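Read left to right, the sequence shown gives residues 30 to 116 (the working numbering). Report on one structure; see the data block that follows.
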Amino acid sequence: MMPEYDYHHLPHVKVQSASKKALWATLVLTLFFTFVEMIGGLVSHSLALLSDSAHMASDVIALLFSMLALFMATRPPNRKYTFGYLR
30 MMPEYDYHHL PHVKVQSASK KALWATLVLT LFFTFVEMIG GLVSHSLALL SDSAHMASDV
90 IALLFSMLAL FMATRPPNRK YTFGYLR
């Protein structure tokens, strides 16, 4: 006798809502520190700070892609994707 696993009916919306909040907070903080490092690097003529701010800018781009993926995953089902975009 096999146990019943019915995990696909769990409420994903709450998890994604928490993920959105965490991603937004991370995006805002990373963007803030990117600008702080960029300004600090320009004022102090520090190549290390400027290069780290460029690296953090690439992190901001990656976070934006994550936000886009999360947005796409929360789209409602339609005729073509009857289970929605979550899967």
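Ideal Cβ positions, reconstructed from N, Cα and C, are used throughout, including at glycine. Model, not experiment: these values are computed from the prediction.
Taking C-beta atoms under 8 Å as the contact rule, L52 and M85 fail to qualify, at a distance of about 16 Å. In summary, T63 is buried, with 16 or more beta-carbon neighbours lying within 10 Å of its beta-carbon over all protein chains present. Annotation for H74: no alpha helix (DSSP H) segment contains it, and DSSP assigns it neither H nor E. Residues L52, T55, L56, T59 of the same chain have their beta carbon placed closer than 7 Å to that of L92, with the five preceding and five following residues left out of the count. Each residue's CA atom was taken as its position, placing V89 and R108 some 34 Å apart. Under the three-state reduction of DSSP output, F64 falls in the helix class. Assigned with DSSP and collapsed to three states, G113 falls in coil, not helix or strand.
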